[in-house]
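Written below as structure tokens is the structure these notes are about.
Structure, rendered in structure tokens:
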């Protein structure tokens, strides 16, 4: 629009919220402008969003089911939460890992993206992938029901450390994630 700055602007808070929600949840611009990138960007970000929901569910579970497993006489809500943690956690880990691997490959092989991708981008995606893969290994090999994850979350909330965790993948994941939380504010990923 020519000379847009001298014309009156129509603003709508609802319109702004709708635009931000569409862009934040659907990545419409990426879908329209670079569909090949969208196929990996979308699952990566939706998986990360699911993992945030998973953390919140783990916190709630730690408060209502201290042992990590609901008691047999627990209400339906506690059991729904128990299975929701399984579904959301696995979906988040799988989607994020798929998207992260795809983004690494896409950035390395697409000549249009390659010129804009700096070494920090590869490092960031590799760092995130290491965290995600440790989570997947933890789930597959040591904690298929996320019981240790639930108990660990409870120990964080109550400041009561767990005496023994027999899950090396989880230990590595917690260390990597902690380091990532220290590193993230100094990167362009702070938009999260």
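Residue numbers (this note's numbering): 15 to 206.
Just so it is clear, CB atoms sit at the ideal spot from N, CA and C, and this is done for glycine as well.
*For residue 82 and residue 165, believed in contact at Cβ under 8 Å, the rounded distance*: On the chain shown, residue 165 is found 151 positions in, with the first residue counted as 1. On the chain shown, residue 82 is found 68 positions in, with the first residue counted as 1. Contact flag correct, Cβ pair sits at about 4 Å.
*For the 8 Å Cβ check, are there 3 or more pairs between the stretch 36-56 and the stretch 116-126?*
yes
*Which residue spans inside the stretch 130-194 form an unbroken alpha helix (DSSP H) run of at least 4?*
133-151 and 161-172
*Would you call residue 141 buried or exposed, if buried means 16 or more other Cβ atoms sit within 10 Å of its Cβ?*
Working through the chain shown from its first residue, we reach residue 141 at position 127. Counting of Cβ neighbours within 10 angstroms places residue 141 among the buried residues, the total reaching 16 or more.
_Taking its Cβ as the centre, do 16 or more other Cβ atoms sit within 10 Å of residue 157, making it buried, or is it exposed?_
Position 143 of the chain shown, counted from the first residue, corresponds to residue 157. Label assigned to residue 157: buried.
*Please check the pair residue 144 and residue 190, which I expect to be a contact at CB under 8 Å, by giving their CB distance rounded to whole angstroms.*
Taking the chain shown and counting its residues from 1, one reaches residue 144 at position 130. Taking the chain shown and counting its residues from 1, one reaches residue 190 at position 176. Right, their Cβ atoms sit about 6 Å apart.
*Residue of 126, 153 and 30 minimising C-alpha distance to residue 104*: Walking along the chain shown from the start, residue 104 turns up at place 90. Checking every option, the nearest Cα to that of residue 104 belongs to 153.
*Is the number of C-beta pairs between the stretch 67-76 and the stretch 27-44 that are closer than 8 Å three or more?*
Using a Cβ-Cβ distance cut-off of 8 Å, the stretch 67-76 and the stretch 27-44 are not in contact, since fewer than three pairs of beta carbons, one from each stretch, lie closer than that value.
*residue 181 classed as buried or exposed, judged by whether at least 16 other C-beta atoms fall within 10 angstroms*: Here residue 181 refers to the residue found at position 167 of the chain shown. Residue 181 comes out buried.
*For residue 41, which of helix, strand or coil comes out of DSSP?*
For the purposes of this step, residue 41 is taken as residue 27 along the chain shown, with counting starting at 1. Here residue 41 sits in coil by DSSP.
*Taking the alpha helix (DSSP H) that residue 119 falls in, what are its first and last residues?*
The sequence position of residue 119 within the chain shown is 105, counting from 1. 90-123 is the span of the alpha helix (DSSP H), which, as asked, contains residue 119.
_Terminal residues of the alpha helix (DSSP H) in which residue 199 lies_ = In the chain shown, residue 199 corresponds to position 185, counting from 1. Residue 199: not part of any alpha helix (DSSP H); DSSP gives it neither H nor E.
*Residue of 183, 131, 172 and 174 minimising C-alpha distance to residue 155*: Mapped onto the chain shown, residue 155 falls at position 141. Measuring from the Cα of residue 155, the nearest candidate turns out to be 183.
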